[in-house]
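Numbering (our numbering), first residue to last: 636 to 1054.
Ideal Cβ placement from N, Cα and C applies to all residues, glycine included.
Only a predicted model underlies this, so the values are computations on that prediction, with no experimental measurement involved.
See structure below.
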């Protein structure tokens, strides 16, 4: 069958018209990787990011206001009367839903043009063999990976102690202000310890960058001591070495050097050693140079000079983060800590600490990752839960897991309001 040239021209013209029309339609579609084009999206909002997330709560009559929440906007319908905004997850029966036109134009424009990594597209995405692996990377902007802190309290020496997060085991002390530079703190473990690593607890008083704290011990925070341990417990190596044992009563004082929250110096001394309750002795079969038993840092009557040099930063939009090096109870540390990091729709805490080897203990690496946004509505960021792993030298090898447990933290609220 012979096809005329005229028919070929007609077919070619139709193909061109379809291509042009499709191009025009495509130009109006959502562009994956460009959050400003999203029509149906979720924002993992935090009031520390921008005042617009406070204004949204005001305009939606949210009471009490919260610092972290999920915000969903849908302006994808052909009829603008069907546009809506949701405070919380759409599947949550307690979520607060409102018409989009009840939100002021400045707030609407700010949300639509928001392009930080905590904004994700809900309108459906087409995947290929490569995009399933690279989609997360495309949503990460280099400028959002590391950025300076946004809150004044994080860089002031007098208010740096304010911290709404309480770890079950270790981590920065919970800091509750009575009036900005005057307040109290409470800690379970040291700022660098993990689960079942130490028995120390303490409470402190803060004033103008100075801190005085009293410390005692809860023996159950370390898994087992020698007194009262059964035969099988004495042979167990799980969390029974490379620990810190503290006296019955201790006193510490510290001061954050003015001109920024960068250097804190302090001193710890023993007031009452109490009844000596020795740790379990775990036989050392690997490194004979460290003695017949695995080492622990046992503090009886000693005193220590403590210090920490840190740099407060924001990583992936975190609410509180820092990198640091320091010395505490005779041991050197270096590491990173961040709260509520937001990457590609996930919210999590991350803590990593390296303890350098010394005469007291072997080296150790602590890694923790807590999954946040477990709760719903007002309890969205109130707690986080995740694994905590300690790696160090073992009694039979050069690398072993000495502790692998769940750790958790609570967020007690917002203690400090900045103008």
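Hey, would you say residue 1004 sits closer than 8 Å to residue 985, going by beta carbons? The Cβ-Cβ distance between residue 1004 and residue 985 falls below 8 Å.
With DSSP run on the structure shown, which of helix, strand or coil describes residue 1054? Low per-residue confidence applies at residue 1054: pLDDT is 47, beneath 50, and the placement is therefore not dependable enough to give any value.
CB-CB length for residue 943 against residue 959, believed under 8 Å: Going by Cβ atoms, the distance from residue 943 to residue 959 rounds to 6 Å, so yes, they are a contact pair.
Roughly how many whole angstroms lie between the Cα atoms of residue 731 and residue 705? For residue 731 and residue 705, the distance between alpha carbons rounds to 11 Å.
Buried or exposed (CB count within 10 angstroms, at least 16 for buried), residue 788: Residue 788 should be labelled buried.
Is there at least one Cβ from chain D nearer than 8 Å to residue 716's Cβ? The structure shown contains no chain D, having only a single protein chain.
Continuous beta strand (DSSP E) stretch holding residue 840: start and end: For residue 840, the uninterrupted beta strand (DSSP E) run begins and ends at 835-842, by DSSP.
Residue closest to residue 893, alpha-carbon to alpha-carbon, out of 843, 1017 and 879: Of the residues 843, 1017 and 879, the one whose Cα lies closest to the Cα of residue 893 is 843.
For residue 715, which of helix, strand or coil comes out of DSSP? Assignment of residue 715 by DSSP, reduced to helix, strand and coil, places it in the helix class.
Assuming residue 622 is part of the beta strand (DSSP E), what are its boundary residues? For the chain, the structure presents residues 636 to 1054; residue 622 sits outside this window and is missing.
In chain order, each alpha helix (DSSP H) run of at least 4 residues that lies wholly inside the stretch 729-755: Within the stretch 729-755, the complete alpha helix (DSSP H) runs of at least 4 residues are 740-748.
Hey, quick one: how far does the alpha helix (DSSP H) through residue 937 stretch, first residue to last? Here residue 937 belongs to no alpha helix (DSSP H), and DSSP marks it neither H nor E.
So, at 7 Å on beta carbons, what are the nonlocal neighbours of residue 917 in its own chain, with the 5 sequence-adjacent residues on each side left out? So the list reads 872, 875, 876, 928, 929 and 1030, once near-sequence residues are dropped.
Can you tell which of 733, 854 and 811 has its C-alpha closest to the C-alpha of residue 838? Among 733, 854 and 811, the Cα nearest to that of residue 838 is on 811.
Whole angstroms are fine: how far does the CA of residue 878 sit from the CA of residue 718? A direct Cα-Cα distance of roughly 57 Å separates residue 718 from residue 878.
Nearest candidate by alpha-carbon position, reference residue 1016, set 969, 868, 1036 and 954: Nearest C-alpha to residue 1016: 954.
C-alpha gap between residue 659 and residue 961, whole angstroms: Interpretation of residue 659 is limited by its pLDDT of 39, a score under 50 that renders its predicted location unreliable; no figure is taken from the coordinates.
Tell me residue 847's beta-bridge partners as DSSP assigns them. In DSSP, residue 847 forms a bridge with 840 and 888.
Can you name, in chain order, every residue of its own chain whose Cβ lies under 8 Å from the Cβ of residue 901, other than the five neighbours on each side? The beta carbon of residue 901 sits closer than 8 Å to those of 846, 887, 888, 889, 890, 940, 941 and 942, all from its chain and outside the five residues before and after it, given in chain order.
Can you name the start and end residues of the alpha helix (DSSP H) that residue 688 belongs to? Membership of residue 688 in the alpha helix (DSSP H) is indicated by the continuous run 687-694.
Element boundaries [alpha helix (DSSP H), containing residue 899]: Segment 898-907 is the beta strand (DSSP E) holding residue 899; no alpha helix (DSSP H) there.
To the nearest angstrom, how far is the alpha carbon of residue 723 from that of residue 707? Here the C-alpha atom of residue 723 lies approximately 7 Å from the C-alpha atom of residue 707.
Cβ-based burial, residue 999 [other Cβ within 10 Å; buried from 16]: Buried, because 16 or more other Cβ atoms sit within 10 Å of the Cβ of residue 999.
Per-residue DSSP class, three states only, for residue 1041: The DSSP-derived three-state label of residue 1041 is strand.
Where does residue 613 sit, in a helix, a strand or coil, going by DSSP? This structure gives no information on residue 613, because the portion of the chain shown stretches from 636 to 1054.
Exposed or buried, which one is residue 701 when buried takes at least 16 other CB atoms within 10 Å? Using a 10 angstroms sphere on the CB of residue 701, the tally of other CB atoms reaches 16 or more, which defines it as buried.
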